[in-house]
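Heads up: the structure comes next, in structure tokens.
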């Protein structure tokens, strides 16, 4: 929920910057925020989080080796290896076309930046709502049927093809309305499909890594 709320605020701010400032300034602001976050992370001490102080300090190399050893042991468990294989395959084999669709919307359809920004905001609000619904009503649902449902919904990403072929105009839906309602659907579902793994206590360290991989890949493709 924190990620979705941050996405809503970030896209609102980005929409304002796109209207008021050139893209280079927006990029510099984004880089400054990331740099500030890095400085805060580096300056934060373990004592500030109430964590116990380690009695023995080990080198970075030994710590990395220990973490890799623990990871290999976790991967060998069937309850972790099978979901991990699905998550990695889902992230690596399914192309994310957000960057291409963004270029098509701006350079071919010449849509107003405010429309694209608002579609991102609507998408993050949808993600926030889906997160709340999952937390309250779907947590008890077994993992396998939940994955099946999310994967079937992810097939709705073909709606980008409808926009490219302008099928929406044939049924009386303008490009602006279509982008506002459906443009961010595939991207939001791509983020939501990792959520069931991220909230499982016994899969949390590994699946957080996969979620970070998915998030980083999304941002790279978007830029």
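In my numbering, the protein residues as written are 3 to 225. Don't be surprised by glycine CBs; every beta carbon is placed ideally from N, CA and C.
{"Check": "According to the neighbour-count rule (16 or more other Cβ atoms, all chains shown, within 10 Å of its Cβ), is residue 78 buried or exposed?", "Outcome": "exposed"}
{"Check": "In angstroms, rounded to a whole number, what distance separates the CA positions of residue 186 and residue 169?", "Outcome": "18 Å"}
{"Check": "At which residue ranges does the stretch 68-121 contain complete alpha helix (DSSP H) runs of 4 or more residues, listed in the order of the chain?", "Outcome": "80-95 and 100-105"}
{"Check": "Please identify the residue among 147, 29 and 41 whose C-alpha is closest to the C-alpha of residue 85.", "Outcome": "147"}
{"Check": "Rounded to the nearest angstrom, what separates residue 14 and residue 110 at their Cα positions?", "Outcome": "24 Å"}
{"Check": "Curious, which full-length alpha helix (DSSP H) runs of at least 4 residues does the stretch 146-200 contain?", "Outcome": "161-166, 169-172, 177-184, 187-194 and 197-200"}
{"Check": "Give the DSSP-derived three-state secondary structure of residue 144 in the structure shown.", "Outcome": "coil"}
{"Check": "If you follow the alpha helix (DSSP H) that residue 24 is part of, which residue opens it and which one closes it?", "Outcome": "Premise fails: residue 24 is in no alpha helix (DSSP H) and is neither H nor E."}
{"Check": "Pull up the CB-CB distance for residue 189 and residue 125, whole angstroms please, since I reckon it's below 8 Å.", "Outcome": "6 Å"}
{"Check": "Assuming the contact rule is C-beta atoms closer than 8 Å, residue 288 and residue 194 should be a hit. Round their C-beta distance to whole Å, please.", "Outcome": "Here the chain has residues from 3 to 225 only, and residue 288 is not among them."}
{"Check": "Work out the CA separation of residue 143 and residue 29 for me, nearest whole Å.", "Outcome": "41 Å"}
{"Check": "Suppose the cutoff is 6 Å on Cβ atoms and the five residues either side in sequence are ignored; what does the same chain contact list for residue 121 look like?", "Outcome": "181, 182, 185 and 186"}
{"Check": "Is it buried or exposed for residue 119, if we count other Cβ within 10 angstroms and need 16 for buried?", "Outcome": "buried"}
{"Check": "When DSSP labels each residue in this structure, what does residue 28 get in the three-state scheme?", "Outcome": "helix"}
{"Check": "Report the rounded CA-to-CA distance for residue 140 versus residue 41, giving the unit in angstroms.", "Outcome": "37 Å"}
{"Check": "Measure the C-alpha to C-alpha separation of residue 24 and residue 46 and round it to an integer number of angstroms.", "Outcome": "34 Å"}
{"Check": "Judging by CA-CA distance, which residue of 160, 130, 191 and 65 is the nearest neighbour of residue 11?", "Outcome": "130"}
{"Check": "Roughly how many whole angstroms lie between the Cα atoms of residue 44 and residue 133?", "Outcome": "30 Å"}
{"Check": "Would you mind stating whether residue 178 and residue 117 have Cβ atoms separated by less than 9 Å?", "Outcome": "yes"}
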